[in-house]
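Q:
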Amino acid sequence: MRQPGTQDVPGRASGTGDRPISTRRATSGRVVGIDVGGSGIKGAPVDLSVGRFATDRVRLPTPRPATPDRVADVVAEVLDHLDVAGPVGVTLPAVVADGVVETAANIDPSWLGVHAVELFGRATGRPVGVLNDADAAGIAEMRYGAGKGRGGVVVVVTLGTGIGTAVFSDGVLVPNTELGHLPLHHGDAEDWVAESVREREDLSWKHYAHRLQHYLELVQRLLWPRLIVIGGGVSRKAEKFLPHIELRTEVVPARLHNDAGIVGAALFAPLSLGRPAAVPAP
1 MRQPGTQDVP
11 GRASGTGDRP
21 ISTRRATSGR
31 VVGIDVGGSG
41 IKGAPVDLSV
51 GRFATDRVRL
61 PTPRPATPDR
71 VADVVAEVLD
81 HLDVAGPVGV
91 TLPAVVADGV
101 VETAANIDPS
111 WLGVHAVELF
121 GRATGRPVGV
131 LNDADAAGIA
141 EMRYGAGKGR
151 GGVVVVVTLG
161 TGIGTAVFSD
171 GVLVPNTELG
181 HLPLHHGDAE
191 DWVAESVRER
201 EDLSWKHYAH
211 RLQHYLELVQ
221 RLLWPRLIVI
231 GGGVSRKAEK
241 FLPHIELRTE
251 VVPARLHNDA
261 GIVGAALFAP
271 LSLGRPAAVP
281 AP
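Residue numbers (full-length UniProt numbering): 1 to 282.
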């Protein structure tokens, strides 16, 4: 499986190749993470020793249409507001393999085939790492949140407009799993189980938990993880639906909630670019 992309020199890309992205590798310092979403592009410098924002977050509207060049311009503008030097990690709601955008189910079709690492490198003049948004959230939860220190297979599921997933084996990311597109209820699972569906259909929490149970059982049969972490904004209301879910696998709410994408993007940049470790790994 190809890896998410990185860039060491603006305008010249280098893929991570066979280098595994391990959430147990130590990092420190302040690195900017930027999360490109459907309605907003959010960024903040992250203190990697603790996994928290070092200053207030900056949010700018996602341009319409959200074409590659226009998004790259807004990413550069976010960085100008933050005024923090060094590498940057960027998330996209797409499969990113060797720096290239391979899917466009949740992003403008003009992104297909775009070398996102080169694009953001030119726009920002910085070393850049680009990865799938759910993978970023998963990296953050594994390093600082509900998955910290957990071995074996761990699956982080983000519930929002769709379903994102990040899969880890002994702390090492298996990128671009996209398990929200598993077949369930005559279509993609995310078309039946996403948080946006609960809101649109005005489902009770118990009814929503019933649907989520079916999806998590499917994930369990596929991977037999030791832990499933439920992320996304809905994880703040986990007490309303998780008690209705009975699974052999342990299921817990995420701890970083909506901050996970930015934190994970910031963490990904030095991990993927091979920066030296500076603090003890957990």
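C-beta: ideal position from N, C-alpha, C; glycine also. All values derive from a computational prediction rather than experimental measurement.
Quick one: what's got a C-beta closer than 7 Å to Asp47's C-beta in the same chain, skipping five residues either side?
A: The sequence position of residue 47 within the sequence shown is 47, counting from 1. These residues qualify, in order along the chain: Arg30 and Ala54.
Q: In its own chain, which residues sit with a C-beta less than 6 Å from the C-beta of Ala166, not counting the 5 before and 5 after it?
A: Locating residue 166 in the sequence shown gives position 166, where the first residue counts as 1. Excluding sequence neighbours, Ala166 sits near Ala134, Asp135, Gly138 and Val156.
Q: For the region 90 to 102 against the region 49 to 63, do three or more pairs of beta-carbon atoms, one drawn from each stretch, fall closer than 8 Å, so that the two count as touching?
A: no
Q: In the DSSP assignment, the beta strand (DSSP E) including Asp35 goes from what residue to what residue?
A: Sequence index remark: in the sequence shown, residue 35 carries index 35 (1-based). Unbroken beta strand (DSSP E) run through Asp35: Arg30 to Val36.
Q: Smallest Cα separation from Ser110: which of Phe120, Thr124 and Ala66?
A: Translated into the one-based positions of the sequence shown, residue 110 becomes position 110. Checking every option, the nearest Cα to that of Ser110 belongs to Ala66.
Q: With a floor of 3 residues, list each beta strand (DSSP E) that falls wholly inside the region 55 to 103, ordered by position along the chain.
A: Entirely contained in the region 55 to 103, the beta strand (DSSP E) runs reaching 3 residues are, in chain order, 58 to 61 and 88 to 92.
Q: Relative to the C-alpha of Ser196, which candidate in Gly232, Glu217, Phe168 and Trp224 has its C-alpha closest?
A: Start at 1 with the first residue of the sequence shown, and residue 196 comes out as number 196. Considering only alpha carbons, the answer is Gly232.
Q: What residue from Ala265, Leu271 and Pro270 has the CA that sits closest to Asp35's CA?
A: Position 35 of the sequence shown, counted from the start, is the residue given in the question as residue 35. It is Ala265.
Q: Return the first residue and the last residue of the beta strand (DSSP E) that Ala166 is part of.
A: To locate residue 166, count along the sequence shown from 1; it is residue 166. Counting along the chain, the beta strand (DSSP E) containing Ala166 begins and ends at Ile163 to Ser169.
Q: With DSSP run on the structure shown, which of helix, strand or coil describes Val114?
A: For this step, residue 114 is matched to residue 114 along the sequence shown. Residue state, collapsed to three classes: coil.
Q: Less than 8 Å separating the beta-carbons of Ile21 and Leu179?
A: As a first step, residue 21 is located in the sequence shown; it is residue number 21 there, counting from the start. As a first step, residue 179 is located in the sequence shown; it is residue number 179 there, counting from the start. For Ile21 and Leu179, no; Cβs fall outside 8 Å.
Q: Work out the CA separation of Arg150 and Phe268 for me, nearest whole Å.
A: As a first step, residue 268 is located in the sequence shown; it is residue number 268 there, counting from the start. As a first step, residue 150 is located in the sequence shown; it is residue number 150 there, counting from the start. Approximately 19 Å, taken between the alpha carbons.
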